[in-house]
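Asks: Quick one: this structure, given as structure tokens, is what I'll be asking you about.
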Amino acid sequence: MCIAFFSTAHPQYRLIICNNRDEFLHRPTSRADWWPSPHSHVLSARDLVRPIHPTWLGITKQGRIAVLTNYHEDTCAKAVGKYSRGEVVNSWLALSPDSAQTTQEFVNQWTTNGELANIGGFNLVCGNVMEPLAILASRASETEPILWIADKPGQTVGLSNTDYDDRSWPKVEKGEDAIVDAIAGHVQNQESEDNLIERLLGVLSVDTLPRLSNDAGVQEYIPHLPQSVFIPPIGRDKQARDEAESANQDKREQSPVLPSTPEGTPNRAYLEGLYATQKQTVILVGFDGRVRYFERTLYDDDAQPVSTEARDRSFEFRIEK
Numbered sequence: 001m002c003i004a005f006f007s008t009a010h011p012q013y014r015l016i017i018c019n020n021r022d023e024f025l026h027r028p029t030s031r032a033d034w035w036p037s038p039h040s041h042v043l044s045a046r047d048l049v050r051p052i053h054p055t056w057l058g059i060t061k062q063g064r065i066a067v068l069t070n071y072h073e074d075t076c077a078k079a080v081g082k083y084s085r086g087e088v089v090n091s092w093l094a095l096s097p098d099s100a101q102t103t104q105e106f107v108n109q110w111t112t113n114g115e116l117a118n119i120g121g122f123n124l125v126c127g128n129v130m131e132p133l134a135i136l137a138s139r140a141s142e143t144e145p146i147l148w149i150a151d152k153p154g155q156t157v158g159l160s161n162t163d164y165d166d167r168s169w170p171k172v173e174k175g176e177d178a179i180v181d182a183i184a185g186h187v188q189n190q191e192s193e194d195n196l197i198e199r200l201l202g203v204l205s206v207d208t209l210p211r212l213s214n215d216a217g218v219q220e221y222i223p224h225l226p227q228s229v230f231i232p233p234i235g236r237d238k239q240a241r242d243e244a245e246s247a248n249q250d251k252r253e254q255s256p257v258l259p260s261t262p263e264g265t266p267n268r269a270y271l272e273g274l275y276a277t278q279k280q281t282v283i284l285v286g287f288d289g290r291v292r293y294f295e296r297t298l299y300d301d302d303a304q305p306v307s308t309e310a311r312d313r314s315f316e317f318r319i320e321k
């Protein structure tokens, strides 16, 4: 039940992106970093379950951005497809730095190649951070027009695990309002960039999830997840440690990016145990092309809280033209 916000409401920034990644805490995941060669122009955290090590959110030195949210499914198992949704993200971010492919061409490629039927449902916001961003919805028909956001000043848009125009999820509307308030407060008080990041992290940390009985599992909580921007640890952490270790072993392996063949059935031991907001990311893009990428990791792969001293990573670079 991830959520992302995109805003052009701050007078000092071309674009602000805020993201919560909600996931089973035993799912092996890397910290944000620059990818190894030949894709060293890509910055992101990565999902280590599948051999391609896909991502749900990343940016490149050339300004390409991609942020993915899954569609809400009735059960956890139904959310897993034959191919990784992250392969779509990788295919945009891992383009050669000198690629001339436009956002429109990329979206058209995926809506016409027939591969979306093999991937679990998703929304993908993609494009260049200095330009309008497209929303690729995997369940939209080929004839539906592409939706564009971040195409004018003063815009704040939230996107979670449902259709872009579905306004029934309280976490989306409440989050949008809170982002607007956080930006306004920062501008009014003339605060530092670090203060802005802390304000935005505060929005990402608002917990309004109804509490169920102590023995409630993740499945029982699923209908309530649309209520809260932030998800505290829920579920029962009873999975065997040897299963968790089996799911974690990809973490110690290097794998090529973007294979075009099926990966088989991934180890799903991580689809048990505790579930929560595992990572929070804030990306600030200045009108001059300066990028600040901030990531906070709340839990490690053993579902243990990360210490205050070790949880944050921050990167700064300027978009290459």
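What the sequence shown shows, in full-length UniProt numbering, is residues 1 to 321, in sequence order.
For every residue, glycine included, the Cβ atom is placed at its ideal position computed from N, Cα and C.
(1) Tell me which residue opens and which closes the alpha helix (DSSP H) that V180 is part of.
(2) Provide the residue(s) that pair with T297 in DSSP beta bridges, ordered along the chain.
(3) Examine the Cβ distances between the segment 33-49 and the segment 8-20 and report whether three or more of them are shorter than 8 Å.
(4) Looking only at its chain, what residues have a beta carbon closer than 6 Å to the beta carbon of G63, apart from the 5 residues adjacent to it on each side?
(5) Using only alpha-carbon positions, find the residue among S96, D207, L271 and A9 that is nearest to L156.
(6) Near Q104, what residues of its chain come up, given a Cβ to Cβ distance below 8 Å and the 5 sequence neighbours on each side ignored?
(7) When you compare only the Cα positions, how much space is there between S314 and V291?
(8) Determine, using beta-carbon pairs with one atom in the segment 160-168 and one in the segment 39-51, whether at least three such pairs fall under 8 Å.
(9) Please report the distance separating the alpha-carbon of A45 from that of Q190.
(10) Take V229 as the anchor and find which of G217, G235 and E176 has the nearest alpha-carbon.
(11) If I follow the unbroken beta strand (DSSP E) through N19, where does it start and stop?
(12) Going by CA-CA distance only, name the one from Q280, Q188, V42 and D151 that's closest to S96.
(13) Three-state secondary structure (DSSP) at E144?
(14) When DSSP builds the beta bridges, which residues end up paired with G158?
(15) Hey, out of S40, T102, G114 and L200, whose CA is closest to S7's CA?
(16) What is the DSSP secondary structure of S44, reduced to helix, strand or coil?
(17) Check whether the Cβ atoms of G158 and F294 lie closer than 7 Å to each other.
(18) Note down, in chain order, each residue of its chain lying with its Cβ closer than 8 Å to the Cβ of R241, except the 5 sequence neighbours on either side.
(19) Pick from L93, S213 and L68: whose alpha carbon is nearest that of S40?
(20) To the nearest angstrom, how far is the alpha carbon of Y83 from that of N123?
(21) Check the C-beta distance from Q278 over to R21 and give it rounded, since I have them as a contact under 8 Å.
(22) Is P259 helix, strand or coil by DSSP?
(23) Give me the Cα-Cα distance between Q304 and Y275, rounded to the nearest whole angstrom.
(24) If we count the other Cβ atoms within 10 Å of its Cβ and call it buried at 16 or more, is A310 buried or exposed?
Replies: Straight from the coordinates:
(1) In the DSSP assignment, V180 falls within the alpha helix (DSSP H) that extends over P170 to N189.
(2) K279
(3) Short answer: they don't touch.
(4) N128, V129, M130 and I319
(5) First, the residue type needs correcting, since residue 156 is Thr and not Leu in the sequence shown. Closest by alpha carbon: A9.
(6) A134 and I146
(7) 10 Å
(8) no
(9) 31 Å
(10) E176
(11) Y13 to F24
(12) Taking only the C-alpha atoms, the option nearest S96 is V42.
(13) coil
(14) F5
(15) L200
(16) strand
(17) no
(18) With a pLDDT of 39 at R241, under the threshold of 50, the modelled position of that residue is not reliable, and the figure given next carries that caveat. Cβ within range, chain order: n/a, list empty.
(19) L93
(20) 15 Å
(21) Contact flag correct, Cβ pair sits at about 5 Å.
(22) For P259, the predicted model reports a pLDDT of 36, less than 50, meaning its position is unreliable and no value from the coordinates is stated.
(23) 12 Å
(24) exposed
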